[in-house]
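One rule links them: number in my numbering = place in the sequence shown (from 1) + 1.
We put the CB at the ideal spot given by N, CA and C, even for glycine.
No experiment lies behind these values; they were computed from the predicted model shown.
Okay, structure first, notes after.
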Amino acid sequence: MAQSKDKMSEIDEHIMKRFDIQKRLGKGAYGIVWKAIDRKTKEVVAVKKIFDAFRNQTDAQRTFREIMFLQSFKNHPNIVKLHSIHRAANNRDIYLGFEYMETDLHNVIKRGNILKDIHKRYIMYQLLKAIKYIHSGNVIHRDLKPSNVLLDSLCRCKIADFGLARSLTQGSEGTIGECDPTLTDYVATRWYRAPEILIANRRYTKGIDMWSLGCILAEMSVGKPIFPGTSTVNQVEKIMATIPTPNAEDLALVCVSGVGSSMIKNAAAVQKVPLQTLMGTGVPPDAVNLINVLLVFNPHKRLTAEEALQHEYVSRFHDPEQEIVMQNNVIIPLNDDVRLSVDDYRNKLYEIMTVHQRRVIATKPNVTVKKIFPPEVYSKVGNY
C-alpha cells in the first residue's frame with residue numbers, strides 16, 4: 002500500500018490512467034523513470050518524468066531539443082523511440098513515453114566481463130550506423146557516453162538523450178555562438194569530450210561524436226574509462242599523454258585562443274603512455290587500430306561514421322543497405338542560435354503536441370514494424 006501511495010504522489014492521475022506502472026527504474030535530480038505498460042497499446046514502455054522541465058532557459062531549450070530531435074530520428078532502429086509526450090498537471094513537469102530497454106552500456110561495463118568480443122563489435126557497429134544516420138541529417142549528438150547507449154538482452158543498442166544535440170544547418174558552418182549555453186551549463190562527465198570542446202573551441206564538427214565513440218570503444222575494451230579526468234586541465238593532460246603530439250598546423254586549427262594552445266602544449270610535454278600500453282595485451286589489434294583513428298587531435302582527420310563502418314573491426318556486420326541516411330537536413334522548429342524565453346519553448350512544444358494528437362486521431366495509421374536485421378545476425382551475437 003505504501004508503494005501505491007508513493008506512486009500516486011509521484012505520478013499525475015491522468016498518467017496513471019494511461020500507464021500501468023510496474024516499477025521505478027531510477028530517480029535523479031532531474032527526474033524519475035518507471036517501467037510501465039501502455040494501457041492503449043499494451044506495450045512495455047519506459048515512462049520518464051522530467052522535473053520542472055522549463056525551470057530556466059537552458060533546461061527549457063534542452064527539453065525542447067530532446068523531443069524535437071527524437072521525433073526527427075524516430076525511423077532508425079538504433080535510436081530510442083519516443084512514443085508519447087504528456088503534459089503534467091502543474092504545467093512545469095513533463096512526461097515522456099519511450100520504448101523500453103533493459104539496461105545501458107555503462108551498467109553492463111560496470112558489471113564486469115559480460116561483453117564478449119563479438120558483443121563489443123556488434124555494439125560498435127550499431128553505434129556507427131546510428132551516428133551515420135544522425136550526421137547525415139547534419140546534426141551532432143554532443144553527449145555520447147555509455148550511459149546514453151541503451152541495451153537489451155539481444156545486444157541491440159539504441160542511442161538516447163538528445164538534449165545537447167545541435168543542428169549544424171542552423172549555425173554558421175558549425176560555429177556555436179555565445180547564445181548556446183547548454184554544453185557549458187550542463188554539469189556532466191567530461192571523460193568523453195573531444196579536445197576541441199575542452200579548450201572551448203566553439204567551431205564544432207561531427208568529429209566530436211567520433212571522438213566520443215573512440216572513448217566508448219576503448220572503455221568496452223578495457224572495462225573502465227580511458228581518460229577519467231578530474232578537471233578540465235587534468236582531462237586534457239590525460240588525453241595528450243596518450244595521443245601523438247599535434248603538429249603546428251593542427252594546433253592552429255583546433256586552438257583558436259592562446260589559452261587553449263598553451264594548455265595543449267603544456268599537457269603534451271608530459272611523459273607519453275602509448276595507447277597500446279593503455280589498452281593492454283588482451284585487446285584485439287583491429288580494435289586498437291579503430292580507437293587510434295578515432296582518437297585523433299585534429300577533428301578533420303578522424304574517421305567519419307561512414308568510413309568507420311568499413312573498418313575491419315565491424316566488417317562481419319557491415320551491410321551498406323542497412324546503413325541508411327536521412328534524405329534532408331534536420332532543423333528543429335525554433336531557431337537554435339537564439340536563446341529564447343522559457344515560455345517560447347514551452348508554448349511551441351505544447352503547440353506541436355496538440356497538432357500531433359489531432360493528426361493521430363484523424364489518421365490512425367496501420368503501422369507494420371519490420372525487423373531491420375535478419376535472424377542470423379542475432380544468432381552471431383547471442384544473449385549476454
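(message) Rounding to the nearest angstrom, what Cα-Cα distance links A242 and K266 in this structure?
(response) Start at 1 with the first residue of the sequence shown, and residue 242 comes out as number 241. Start at 1 with the first residue of the sequence shown, and residue 266 comes out as number 265. Roughly 11 Å between the two C-alpha positions.
(request) Spell out a yes or no on whether the segment 308-326 and the segment 122-129 are touching, meaning 3 or more CB-CB pairs, one atom from each, closer than 8 Å. (result) Flag = yes, the segment 308-326 and the segment 122-129 touch.
(request) Between the Cα of V237 and those of E197, V339 and A61, spot the shortest distance and give me the residue it belongs to. (result) Here residue 237 refers to the residue found at position 236 when the sequence shown is read from its first residue. The residue with the shortest Cα to Cα distance from V237 is E197.
(request) In angstroms with no decimal places, state the Cα-to-Cα distance between K18 and E67. (result) Along the sequence shown, read from residue 1 onward, the residue named residue 18 stands at position 17. Along the sequence shown, read from residue 1 onward, the residue named residue 67 stands at position 66. Taking the straight line from one Cα to the other gives about 25 Å.
(request) Find the nearest neighbour of I115 within the set R93, S154 and I135, judged by alpha-carbon distance. (result) On the sequence shown, position 114 is the one that residue 115 refers to. Out of R93, S154 and I135, S154 has the C-alpha closest to the C-alpha of I115.
(request) Can you tell me the Cβ-Cβ gap for P306 and K133, rounded? I've got them flagged as a contact below 8 Å. (result) Against the sequence shown, residue 306 aligns to sequence position 305. Against the sequence shown, residue 133 aligns to sequence position 132. In the sequence as presented, Pro is not what sits at residue 306; that position holds Ala. With a beta-carbon spacing of about 4 Å, A306 and K133 fall inside the 8 Å limit used to define contacts.
(request) Classify L145 as helix, strand or coil using the three-state DSSP reduction. (result) The sequence position of residue 145 within the sequence shown is 144, counting from 1. Look at L145 here: in three-state DSSP terms it is coil, with no helix or strand label.
(message) Can you check which of these residues, K130, L214, P275 and D251, is closest to W192 by C-alpha distance?
(response) Residue mapping note: residue 192 aligns to position 191 of the sequence shown, counting from 1. Here the closest residue by C-alpha is L214.
(message) Does the segment 285-299 come into contact with the segment 97-104, if we say contact requires no fewer than three beta-carbon pairs (one atom in each stretch) closer than 8 Å?
(response) Between the segment 285-299 and the segment 97-104 there are fewer than three C-beta pairs closer than 8 Å, too few to call the two in contact.
(message) Counting C-beta neighbours from all protein chains within 10 Å, is the total for V45 16 or more, i.e. buried, or is it exposed?
(response) Taking the sequence shown and counting its residues from 1, the one referred to as residue 45 is at position 44. Result: exposed.
(message) I want to see whether chain B comes within less than 8 Å of H120, judged by CB atoms only; does it?
(response) Looking for chain B here will not work: only one protein chain is present.
(request) Apply the 10 Å Cβ neighbour rule to Q62 and answer buried if 16 or more other Cβ atoms are within range, or exposed otherwise. (result) Locating residue 62 in the sequence shown gives position 61, counting from the first residue. Residue environment for Q62: buried (at least 16 other C-beta atoms within 10 angstroms of its C-beta).
(message) Assuming contact is defined by CB atoms lying nearer than 8 Å, are F70 and F163 in contact in what I supplied?
(response) Reading the sequence shown from its first residue, position 69 is the one you call residue 70. Reading the sequence shown from its first residue, position 162 is the one you call residue 163. With contacts defined as CB atoms closer than 8 Å, F70 and F163 qualify as a contacting pair.
(request) Would you mind sorting H301 into buried or exposed? The rule is 16 or more other CB atoms within 10 Å of its CB. (result) If you number the sequence shown from 1, residue 301 lands on position 300. By the C-beta density criterion, H301 is exposed, having fewer than 16 other C-beta atoms within 10 angstroms.
(message) Can you give me the C-alpha to C-alpha distance between N139 and V255, rounded to a whole angstrom?
(response) Position 138 of the sequence shown, counted from the first residue, corresponds to residue 139. Position 254 of the sequence shown, counted from the first residue, corresponds to residue 255. In this model, N139 and V255 are separated by some 21 Å (Cα to Cα).
(request) Determine the extent of the beta strand (DSSP E) in which A47 is found, giving its start and end residues. (result) Here residue 47 refers to the residue found at position 46 when the sequence shown is read from its first residue. Its beta strand (DSSP E) spans residues V45 to I51.
(message) Looking at the secondary structure, which residues open and close the beta strand (DSSP E) in which I86 lies?
(response) Looking up residue 86 in the sequence shown gives position 85. For I86, the uninterrupted beta strand (DSSP E) segment begins and ends at L83 to R88.
(request) Tell whether a beta-carbon distance below 8 Å holds between T231 and N330. (result) Reading the sequence shown from its first residue, position 230 is the one you call residue 231. Reading the sequence shown from its first residue, position 329 is the one you call residue 330. One thing to note: T231 has its Cβ no nearer than 8 Å to the Cβ of N330.
(message) Rounded to whole angstroms, what is the Cα-Cα separation between A47 and Y205?
(response) Numbered from its first residue, the sequence shown carries residue 47 at position 46. Numbered from its first residue, the sequence shown carries residue 205 at position 204. Note on geometry: alpha-carbon atoms of A47 and Y205 lie some 32 Å from one another.
(request) Report yes if the C-beta distance between I217 and L145 is below 8 Å; otherwise report no. (result) Counting from 1 along the sequence shown, the entry for residue 217 is found at position 216. Counting from 1 along the sequence shown, the entry for residue 145 is found at position 144. Yes, they are a contact pair.
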